[in-house]
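Trainee: Per my numbering, residue 6 is the first one in the sequence shown, and the count goes up by one each step.
Positions of the beta carbon are idealized from the N, C-alpha and C atoms, including for glycine.
Given the structure is predicted, the values throughout are model-derived calculations rather than measurements.
Just passing along the structure, written as structure tokens.
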Amino acid sequence: MLSGFCISLSNVSAQEFDSETKGIYSLSLKSLSKPEIVSLNTVKNKHLLISFFEPECRWCYRQLRMLNKLQQTCDDNIQPIMIGIHGTRQALQQELRLINVTLPAFEASEALLTLTGNIDATPITFIVNEDGAITQRLRGYTPNHAIYQQLCPSAKLL
């Protein structure tokens, strides 16, 4: 969990992650809000923003609320999803009630963690292009970042 405002941006070449991310849209994740398993293939034609959160992370709350606003503005272009980590299912569900956003929320799976690598601190957001390649990692709270405006030009006033 981050204790302060911190941003670390990594540009990642699609080629560097190509072999690791071919299956990102073939993953299925267990929903935290409903008793179902959902395939990421349902959002394959959008840029996917995978944002990890954990219990008692105030920067996660801010990041997820910002992504919720972004998704409401740019529904056609992007799909942010929340991934709970470092907590029990019950603790993660409790956090969802506190955060009060409408984004889809899932439990982290071993397969997803294999593709994204170790998640030491949250929030961290991975941007996945329409081909399933991770193109950027945004570590820390990243409000109004330029990448969001590239993905959705109408997102200027978030």
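Between LYS73 and the rest of its own chain, which residues show a CB-CB distance below 7 Å, the 5 nearest in sequence each way excluded?
Mentor: This sequence places Asn at residue 73; Lys is not what is there. Counting only Cβ-Cβ distances below 7 Å, and skipping sequence neighbours, we find VAL106, THR107 and LEU108.
Trainee: Considering only DSSP beta bridges, list what THR130 is partnered with.
Mentor: SER56 and LEU143
Trainee: Need the endpoints of the alpha helix (DSSP H) that ALA110 sits in, please.
Mentor: Premise fails: ALA110 lies in the beta strand (DSSP E), 110-112, not in any alpha helix (DSSP H).
Trainee: Report yes if the C-beta distance between PRO85 and LEU75 is below 8 Å; otherwise report no.
Mentor: yes
Trainee: Given that a residue counts as buried once 16 or more other Cβ atoms are within 10 Å of its Cβ, and exposed if not, what is ALA96?
Mentor: exposed
Trainee: What number of angstroms, rounded off, separates the C-alpha of HIS150 from the C-alpha of ARG144?
Mentor: So the alpha carbons of these two residues sit roughly 12 Å apart.
Trainee: Is it the case that the Cβ atoms of THR119 and LEU54 are separated by a distance below 8 Å?
Mentor: no
Trainee: Going by Cα to Cα distance, which pick from PHE57, SER36 and PRO40 is closest to GLY89?
Mentor: Ranking the options by Cα distance to GLY89, first place goes to PHE57.
Trainee: Where does the unbroken beta strand (DSSP E) through LEU34 begin, and where does it stop?
Mentor: 33-35
Trainee: Over the uninterrupted alpha helix (DSSP H) stretch that includes ILE104, give me the two end residues.
Mentor: 94-104
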